[in-house]
Amino acid sequence: MMAKPVDQEGNPYVGPRTFTQAQRRLFFGREREARDLLARVLSERLVLFYAQSGAGKSSLLHARLIPQLREVGYAVLPVARVSGELPAGVESVDNIYLFNLMLNLDQSEGDPNRLAGLTLSQFLARLSSDDGEHYYYDQAHLAVQVAGDAASSATQPYVLIIDQFEEIIMTHLGRWQERGEFFRQLDQAMADD
Numbered sequence: 006m007m008a009k010p011v012d013q014e015g016n017p018y019v020g021p022r023t024f025t026q027a028q029r030r031l032f033f034g035r036e037r038e039a040r041d042l043l044a045r046v047l048s049e050r051l052v053l054f055y056a057q058s059g060a061g062k063s064s065l066l067h068a069r070l071i072p073q074l075r076e077v078g079y080a081v082l083p084v085a086r087v088s089g090e091l092p093a094g095v096e097s098v099d100n101i102y103l104f105n106l107m108l109n110l111d112q113s114e115g116d117p118n119r120l121a122g123l124t125l126s127q128f129l130a131r132l133s134s135d136d137g138e139h140y141y142y143d144q145a146h147l148a149v150q151v152a153g154d155a156a157s158s159a160t161q162p163y164v165l166i167i168d169q170f171e172e173i174i175m176t177h178l179g180r181w182q183e184r185g186e187f188f189r190q191l192d193q194a195m196a197d198d
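Just so we're aligned: the sequence shown equals residues 6 to 198 in the working numbering.
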């Protein structure tokens, strides 16, 4: 009997699978869309990229956009989502969407409670990376540091990608009032940086 494929969280795959950055060479076509999306991301501070479910948005992000952004000198933060349940040991958070975003960006094994009361600006100001690919919240650090050299990385532009953004209206329906604060903090984070 053959085992059914599962995703990184151990859930069975349903529908098409997203191409990863490692599968970039297997992703064909969509060159015009990739070029147009890259141009838009490079020229605008905020881009909303949308299409119907299953159209290949996530594959285009992972197999084309992220590698292209890195090639032109941008740091790309881990692709994050706003959905998810509170981890064990976390009793409550002010904003479930912001907390999930920060939890997705922080790739450390640190206590998630340390993120519960942060604003997005506070979190991003202390987001660090030693290799430019794996990021962690560093309470002692005061600026985004990417790949070692603090002098050069302090000015390196970076991109925050929120995948499956429709989850902000599809999940945590009882916490709908937190959506407005999510957008206010996203706006503030862009203004602060």
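For every residue, glycine included, the Cβ atom is placed at its ideal position computed from N, Cα and C.
Query, Result
"Y79, enclosing alpha helix (DSSP H) - first and last residue", "Y79 -> no alpha helix (DSSP H), and no H or E assigned at all."
"At least three beta-carbon pairs within less than 8 Å, the stretch 124 to 131 to the stretch 91 to 110", "yes"
"Strand pairing of S134, partner residues [DSSP]", "Y140"
"Backbone secondary structure at A44 - three-state DSSP", "helix"
"Any 3 or more C-beta pairs closer than 8 Å across the stretch 54 to 69 and the stretch 136 to 144", "no"
"Residue closest to E172, alpha-carbon to alpha-carbon, out of Q161, D116, F187 and D99", "F187"
"DSSP three-state assignment for A145, whether helix, strand or coil", "coil"
"Element boundaries [alpha helix (DSSP H), containing G185]", "E183 to D197"
"Close beta carbons around N118, own chain, < 6 Å, minus the five adjacent residues each side", "V95"
"DSSP state of R50 mapped onto helix, strand, coil", "coil"
"Segment contact, 8 Å Cβ cut-off, at least three pairs: the stretch 37 to 51 with the stretch 86 to 100", "no"
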